[in-house]
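Notes follow once the structure below has been shown.
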Amino acid sequence: MNGTGARTDAGPTSPVRLAPWFLYARSRCLPTTLAVLFATAALAAWSSARLEGLPEFDHRARVVVTFLAPLLAAAAVGTGLLTRSDTLDRTAVRPWWRRRLLHLALLTALAVALLGLAVPGHPEAFGAPAMMRNTLGTVGQAAAGAAVLGARLSWLPMTAYGSAAYLAAPRTPGGPAAVWAYLMQPGPQVAAWVTAGTVYVLGGGLYVWQGARTEA
Amino acid sequence: MTTTAPGRPALRALKAPLPDRHSPFRSEFLRGLAPWTGATVTAVLLAAMLSKSVQWQGSWGGTQSLLKSAAVLLGGPLAVAAGCWQGGRERRRGTVGLLATASRGRPAKTLVAVAPLTAWVLIGYLVALVVVLAATLPYAHRGRPLVSYAVTDLTFLVSITAVGFVAGRLVPWRLTAPLLAVCAYLGLGFPAYLGSDLRLLSPAEQVDTTYVPLWWQPLVMSAWTGGLAAAAFLVYAARRRAFAVLPLAMAVAAGTLIADLGPGMWRHVPTPGVRACGSGETGPTVCVDDPDRELLPAIRAALGGLHDRLQEMSTPPYTYVANNAELGPIDVRLPSLSRGWNVVRDEVVDPAAFARETAQMLPFFGRCSTEKLTPAEAERFSKLQQTVLAWLAPADTVLPGTPPHGSVRDTDLRAPLAAMAPAARASWLDRYVAAARSCDPKKMPKL
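Protein chains in written order, with numbering that gives the first Met the number 0: chain V, 0 to 215; chain L, 0 to 446.
Here it is in structure tokens:
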């Protein structure tokens with residue numbers, strides 16, 4: 000048997016060798032996640048501009064946007080953490096945590112930047128700082144959800160928490176509510192930033208360490 | 000002795016009941032997502048209600064309308080997401096093919112998958128309803144809880160769960176459930192921003208709580224939400240999809256009726272003209288609408304200090320009457336008794352502020368139009384009035400003042416009067432009342 004025959008036996012080889020990062024991105028449906036993030040930011044920008052322009056409303060009407068847009072973006076990031084070959088992945092020689100860290104950090108940075116740009120002006124009341132803080136916190140919650148419940152259902156805990164906080168938060172900002180209802184704070188409350196940052200570090204850390212829960 | 004045929008035992012085993020032969024409904028009802036959804040609906044509704052208990056725990060209308068808002072705006076997105084999750088289950092588990100080989104038809108298979116979840120959503124809502132109604136019971140004395148609110152809420156929750164289920168079956172995407180939840184929240188909450196009667200198409204919308212729905216309003220509303228959901232369900236599950244036209248036509252008719260009639264589906268409930276009065280050897284006489292009878296002790300206690308100080312003067316003993324009654328010559332109108340604001344759980348929230356507000360309604364205050372006075376006289380009038388008010392009904396307030404005088408503390412205002420001997424004060428106050436009645440600045444006593 001000559002070399003040519005052996006090659007024929009092995010079947011036709013692929014002429015293009017896809018880069019590993021490309022394969023990784025495709026296996027995690029990153030294009031869809033990116034598309035959802037961009038669409039969310041565009042929708043947030045449009046709706047916040049519309050809300051501000053309504054008669055009898057001012058920039059504080061953006062509270063709906065700074066609440067819902069981060070939830071949606073975090074849901075996209077969280078569900079994007081699903082891997083369909085979890086068992087196979089865990090047999091790999093190289094540690095996965097670096098990839099998970101990079102994946103989560105890049106998507107968080109993108110989501111925070113995009114949504115921050117979507118609500119220009121009035122940083123003191125439901126503007127870019129509130130939006131960025133909420134995005135950070137909700138992405139952290141989604142990452143924790145992915146580690147505990149699995150990526151597909153990662154949006155559930157933060158949605159339940161968020162909707163309860165939305166209704167239950169007192170109208171006056173600050174106080175203990177800045178911690179337990181950080182999503183509803185207008186902006187400069189330090190406690191809300193600390194909460195969101197802690198949630199992100201803990202939730203993100205849990206995901207980076209454990210990975211998304213294995214799903215059937 | 001007889002021997003059994005070789006085939007017999009095997010046949011008997013086949014005919015024997017299976018060891019664990021529960022109906023699929025029971026299994027779906029007890030396991031998986033459904034019970035958790037029910038518990039979450041209860042928890043979310045109660046958490047939302049609890050945080051605002053001050054506002055609703057005094058009237059049936061307030062309780063039911065806030066529960067309706069929470070059920071639609073929070074329960075709705077939750078139910079649609081849960082339905083969607085349930086609908087996508089077979090696809091996630093890779094058992095779509097297995098389900099397709101089952102011998103039952105599609106309607107039966109779909110119903111048995113969605114009915115337990117719906118049942119749990121309803122249970123979750125009903126538990127929350129019972130809890131909030133029980134919490135309102137001791138403090139609500141007007142009207143009664145209405146079945147119509149619960150009917151429209153229950154139909155809505157069933158409908159949105161079914162719609163979510165169909166979406167979950169049809170759209171194979173991970174983000175379908177959260178996206179549907181967000182869209183449901185926006186879609187149900189957005190009509191509140193509409194000025195027209197179209198807003199009443201959203202099940203979250205309602206008219207003022209002094210109105211009650213007519214008996215057929217829940218039927219029309221249920222036809223609207225239920226019709227849309229039934230149409231979606233039949234398009235997906237029915238053997239003959241054309242049947243979906245019937246509920247769709249019903250929904251369109253009901254929707255047109257709602258948009259057309261708008262608030263006409265509610266009627267105003269007039270407050271009864273019966274009054275209840277409370278009086279005693281000491282303390283003021285207070286009259287309120289009969290349903291507010293329970294408030295009499297709290298109001299009389301709040302006005303006790305004001306009454307005692309007025310007794311020092313030669314004014315007649317006033318009767319304090321609630322807002323709707325006709326006023327007699329010695330009647331003073333009480334501040335509006337608004338549950339959730341100045342009255343919470345049959346208690347006056349801030350007795351001092353309540354007394355101050357009542358004192359402002361005393362007949363000798365505010366009788367002069369300032370146009371007849373010079374600016375200096377008007378200011379003196381106003382200063383003396385503030386002083387007398389601060390004496391009659393002390394409150395720990397700080398009046399924001401104009402720049403030259405600065406803000407004035409209530410204690411400083413009443414200090415000169417408090418320092419006087421009782422007899423001197425009584426004659427001073429009588430002179431003040433005479434001057435205020437005649438609106439004569441020359442008669443105003445000096446302080």
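C-beta: ideal position from N, C-alpha, C; glycine also.
Chain V residues whose Cβ lies nearer than 7 Å to that of threonine 39 of chain L: Reading the second sequence from its first residue, position 40 is the one you call residue 39 of chain L. What threonine 39 of chain L touches in chain V: Ala159.
For a contact meaning CB atoms closer than 7 Å, what does alanine 180 of chain L contact in chain V? The residue given as residue 180 of chain L occupies position 181 in the second sequence. Going along chain V in sequence order, the residues near alanine 180 of chain L (Cβ under 7 Å) are Thr158.
Taking 8 Å as the threshold, find out whether the segment 263–281 of chain L comes into contact with the segment 289–305 of chain L through three or more Cβ pairs. Segments in contact, yes.
By Cβ distance below 8 Å, which residues in the same chain neighbour leucine 72 of chain L in space, the five residues on each side in sequence not counted? Numbered from its first residue, the second sequence carries residue 72 of chain L at position 73. The answer, listed in chain order, is Tyr184, Leu187, Gly188, Ala203.
Candidates V:Ala73, V:Arg151, V:Pro172, of which the one nearest methionine 131 of chain V by Cα: The sequence position of residue 131 of chain V within the first sequence is 132, counting from 1. Across the set V:Ala73, V:Arg151, V:Pro172, the C-alpha of V:Ala73 shows the shortest separation from the C-alpha of methionine 131 of chain V.
Kindly indicate the opening and closing residues of the beta strand (DSSP E) around aspartate 288 of chain L. As a first step, residue 288 of chain L must be located in the second sequence, where it is residue number 289. Note, aspartate 288 of chain L: beta strand (DSSP E), 284–288.
Rounded to whole angstroms, how far is the Cβ of threonine 158 of chain V from the Cβ of leucine 70 of chain V, which I believe are closer than 8 Å? Numbered from 1 along the first sequence, position 159 holds the residue referred to as residue 158 of chain V. Numbered from 1 along the first sequence, position 71 holds the residue referred to as residue 70 of chain V. Their Cβ separation, rounded to whole angstroms, is 6 Å, which keeps threonine 158 of chain V and leucine 70 of chain V in contact under 8 Å.
Using a Cβ cut-off of 8 Å (strictly closer), state whether valine 95 of chain L contacts chain V. Here residue 95 of chain L refers to the residue found at position 96 when the second sequence is read from its first residue. No, because no Cβ of chain V sits closer than 8 Å to the Cβ of valine 95 of chain L.
Taking the C-alpha atoms as reference points, what is the distance between histidine 140 of chain L and aspartate 288 of chain L? On the second sequence, position 141 is the one that residue 140 of chain L refers to. On the second sequence, position 289 is the one that residue 288 of chain L refers to. Looking at the two C-alpha atoms, the distance is approximately 11 Å.
Mind checking which residues open and close the alpha helix (DSSP H) that includes threonine 255 of chain L? Counting from one through the second sequence, the residue named residue 255 of chain L turns up at place 256. 244–260 is the span of the alpha helix (DSSP H), which, as asked, contains threonine 255 of chain L.
Contact with chain L by arginine 170 of chain V, beta-carbon distance below 8 Å: As a first step, residue 170 of chain V is located in the first sequence; it is residue number 171 there, counting from the start. Output row for arginine 170 of chain V: interface = no.
What residues in its chain sit with their C-beta under 8 Å from that of valine 219 of chain L, if we drop five residues either side in the sequence? Here residue 219 of chain L refers to the residue found at position 220 of the second sequence. Cβ-Cβ distances below 8 Å link valine 219 of chain L to Ala253, Leu256, Ile257, Met264 in the same chain, with the five nearest sequence neighbours on each side left out; the list follows chain order.
Tell me, to the nearest whole angstrom, how far the beta carbon of valine 200 of chain V is from that of tryptophan 96 of chain V; I am working on the premise that it is less than 8 Å. Counted from its first residue, the first sequence places residue 200 of chain V at position 201. Counted from its first residue, the first sequence places residue 96 of chain V at position 97. Going by Cβ atoms, the distance from valine 200 of chain V to tryptophan 96 of chain V rounds to 15 Å, so no, they are not a contact pair.
Does DSSP classify glycine 75 of chain L as helix, strand or coil? Along the second sequence, one-based indexing puts residue 75 of chain L at 76. Glycine 75 of chain L: helix per DSSP, three-state reduction.
Compare the Cα-Cα distances from alanine 42 of chain L to each of L:Val131, L:Ala351, L:Val111 and report the closest residue. Position 43 of the second sequence, counted from the start, is the residue given in the question as residue 42 of chain L. Taking only the C-alpha atoms, the option nearest alanine 42 of chain L is L:Val131.
I need the straight-line Cα distance from proline 402 of chain L to methionine 360 of chain L, nearest angstrom please. Along the second sequence, read from residue 1 onward, the residue named residue 402 of chain L stands at position 403. Along the second sequence, read from residue 1 onward, the residue named residue 360 of chain L stands at position 361. Because proline 402 of chain L sits at a pLDDT of 44, beneath the cut-off of 50, its placement in the model cannot be relied upon, and the point is left open.
Short Cβ contact (8 Å threshold) for methionine 443 of chain L with leucine 383 of chain L: In the second sequence, the residue the question calls residue 443 of chain L occupies position 444. In the second sequence, the residue the question calls residue 383 of chain L occupies position 384. Yes, Cβ-Cβ distance for methionine 443 of chain L and leucine 383 of chain L is below 8 Å.
Quick one: Cα of alanine 191 of chain L to Cα of arginine 49 of chain V, how far? Counting from one through the second sequence, the residue named residue 191 of chain L turns up at place 192. Counting from one through the first sequence, the residue named residue 49 of chain V turns up at place 50. If you take the alpha carbons of alanine 191 of chain L and arginine 49 of chain V, they lie about 15 Å apart.
Cα-Cα separation between threonine 154 of chain L and alanine 228 of chain L, rounded to whole angstroms: Reading the second sequence from its first residue, position 155 is the one you call residue 154 of chain L. Reading the second sequence from its first residue, position 229 is the one you call residue 228 of chain L. Whole-angstrom Cα-Cα distance: 10 Å.
If I measure Cβ to Cβ from leucine 116 of chain L and keep anything under 8 Å in the same chain, skipping five residues before and after, which residues do I get? Reading the second sequence from its first residue, position 117 is the one you call residue 116 of chain L. Glu27, Leu32, Ala33, Thr36, Ala81, Gly82, Gln85, Thr160, Phe164.
Contact set between the segment 143–154 of chain V and chain L, restricted to residues whose Cβ is under 7 Å from the partner: Listed in chain order, the positions of the segment 143–154 of chain V with a beta carbon within less than 7 Å of a beta carbon of chain L are Arg151, Trp154.
Extent of the continuous beta strand (DSSP E) run through proline 122 of chain V: In the first sequence, counting from the first residue as 1, residue 122 of chain V sits at position 123. Premise fails: proline 122 of chain V is in no beta strand (DSSP E) and is neither H nor E.
Terminal residues of the continuous beta strand (DSSP E) containing histidine 58 of chain V? Reading the first sequence from its first residue, position 59 is the one you call residue 58 of chain V. Segment: none, histidine 58 of chain V is in no beta strand (DSSP E) and carries neither H nor E.
Can you check whether the CB of proline 374 of chain L is closer than 8 Å to the CB of phenylalanine 353 of chain L? Here residue 353 of chain L refers to the residue found at position 354 when the second sequence is read from its first residue. Here residue 374 of chain L refers to the residue found at position 375 when the second sequence is read from its first residue. The answer is no: Cβ separation not under 8 Å.
How is tryptophan 265 of chain L classed by DSSP in three states: helix, strand or coil? Taking the second sequence and counting its residues from 1, one reaches residue 265 of chain L at position 266. The answer is strand: DSSP assigns tryptophan 265 of chain L an E or B state.
Is valine 331 of chain L helix, strand or coil when you go by DSSP? The residue labelled residue 331 of chain L in the question sits at position 332 within the second sequence. When secondary structure is reduced to three states using DSSP, valine 331 of chain L falls in the strand class.
Check this for me: beta carbons of phenylalanine 125 of chain V and arginine 61 of chain V, under 8 Å apart or not? As a first step, residue 125 of chain V must be located in the first sequence, where it is residue number 126. As a first step, residue 61 of chain V must be located in the first sequence, where it is residue number 62. Remark: C-beta atoms of phenylalanine 125 of chain V and arginine 61 of chain V approach each other more closely than 8 Å.
Alpha carbon to alpha carbon, how far is phenylalanine 364 of chain L from tyrosine 210 of chain L? Give it in angstroms, no decimals. Here residue 210 of chain L refers to the residue found at position 211 when the second sequence is read from its first residue. Here residue 364 of chain L refers to the residue found at position 365 when the second sequence is read from its first residue. Pairing tyrosine 210 of chain L with phenylalanine 364 of chain L, the inter-Cα distance amounts to about 35 Å.
For chain V, find out if any of its Cβ atoms is closer than 8 Å to the Cβ of arginine 105 of chain L; answer yes or no. Numbered from 1 along the second sequence, position 106 holds the residue referred to as residue 105 of chain L. For arginine 105 of chain L, the closest Cβ of chain V is not nearer than 8 Å.
Could you work out which residues of chain L lie near threonine 78 of chain V, taking near to mean beta carbons separated by less than 8 Å? Start at 1 with the first residue of the first sequence, and residue 78 of chain V comes out as number 79. Within 8 Å Cβ-Cβ: Arg173, Leu174, Pro177.
For a contact defined as C-beta to C-beta under 9 Å, what are the partners of proline 76 of chain L on chain V? Taking the first residue of the second sequence as 1, we reach residue 76 of chain L at position 77. By Cβ distance, chain V contributes Thr158, Ser162.
Quick check for students: name the residue ranges of the beta strand (DSSP E) that lie wholly in the segment 18–88 of chain L, counting only runs of 3 or more. Taken in chain order, the segment 18–88 of chain L contains no complete beta strand (DSSP E) segment of 3 residues or longer.
Please identify the residue among L:Ala394, L:Ala377, L:Gly339, L:Thr314 whose C-alpha is closest to the C-alpha of valine 432 of chain L. For the purposes of this step, residue 432 of chain L is taken as residue 433 along the second sequence, with counting starting at 1. Per the Cα distances, L:Thr314.
So the candidates are L:Pro316, L:Arg91, L:Ala435, L:Trp215; which of them puts its Cα closest to the Cα of leucine 372 of chain L? Here residue 372 of chain L corresponds to residue number 373 of the second sequence, with the count starting at 1. Shortest Cα-Cα distance from leucine 372 of chain L to any of L:Pro316, L:Arg91, L:Ala435, L:Trp215 involves L:Ala435.
Report the residues of the segment 39–55 of chain L with a CB closer than 7 Å to any CB of chain V, ordered along the chain. Cβ contacts with chain V come from Thr39, Val43, Ala46, Ala47, Ser50.
Against chain V, with Cβ distances strictly below 8 Å, would leucine 73 of chain L count as a contact? As a working mapping, residue 73 of chain L is identified with position 74 in the second sequence. For leucine 73 of chain L, the nearest beta carbon of chain V is closer than 8 Å to its own beta carbon.
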